[in-house]
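Structure record follows, encoded as C-alpha cells.
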Amino acid sequence: MREFKRTDRVADQLQKELAVLIQREIKDPRLGMVTVSGATVSRDLGYADIYVTLLGEQEPERIKENLQVLKRASGFLRSQIAKRIQLRHVPELRFHFDESVVRGQQLSSLIDEAVSSDRARQDEDDTPDAGEEPR
98 MREFKRTDRV
108 ADQLQKELAV
118 LIQREIKDPR
128 LGMVTVSGAT
138 VSRDLGYADI
148 YVTLLGEQEP
158 ERIKENLQVL
168 KRASGFLRSQ
178 IAKRIQLRHV
188 PELRFHFDES
198 VVRGQQLSSL
208 IDEAVSSDRA
218 RQDEDDTPDA
228 GEEPR
C-alpha cells in the first residue's frame with residue numbers, strides 16, 4: 098500500500114481547517130454558503146489551490162464576487178492556519194470555483210430525465226390497445 102505524500106496530508110488538513118475558518122471567521126455579508134470541496138498543494142508547499150463550491154449560486158457575477166472576498170481574506174486565513182497547523186511555511190492560498198459539483202448535478206438531472214422518459218415510453222408500450230388481448 099502506498100503511503101500518503103506529505104503534500105496530500107497538508108492539503109487534507111488545509112481543506113478541513115479552511116472549511117471551519119471560512120464559515121466561522123469571515124464576516125463579509127457578500128460571502129454566500131461556501132463549501133471547501135478540495136485542496137491541492139504544490140510539491141514545494143509554496144502555494145495551495147483551494148476549490149470551493151457555493152450553495153445555490155451559479156451566476157458568474159456572484160461566483161466572481163465570492164472568490165474576490167476569499168482572495169482578499171487569504172492573508173487573514175493564512176495567519177489563522179499558521180496558528181492551527183504546525184508548518185514552517187503556510188502555502189499561499191489560491192481560490193478556485195469547483196465546477197465539477199455543478200457539472201455533476203447537471204449530469205445527474207439529465208440522467209434522471211432520461212430514465213423517467215424511458216419508463217414513460219416503456220409504460221406506453223406495455224399497455225394493451227383497445228382491440229388487443231392482454232398478454
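For the sequence shown, the numbering used here begins at 98 and goes up steadily by one. We put the beta carbon where it would ideally sit given N, CA and C, even for glycine. Since the model is a prediction, treat every value here as computed from it, not as a measurement.
| Asked | Found |
| --- | --- |
| Touching by the beta-carbon criterion (3+ pairs, under 8 Å), the region 112-131 and the region 169-181 | yes |
| The region 100-113 contacting the region 139-151, beta-carbon criterion three pairs below 8 Å | yes |
| Closest residue to K102 among G129, V187, R140 (Cα-Cα distance) | R140 |
| E156 versus D223: straight-line alpha-carbon distance, rounded | 43 Å |
| Simplified DSSP state of T104, which is helix, strand or coil | helix |
| Where I160 sits in the DSSP three-state scheme | helix |
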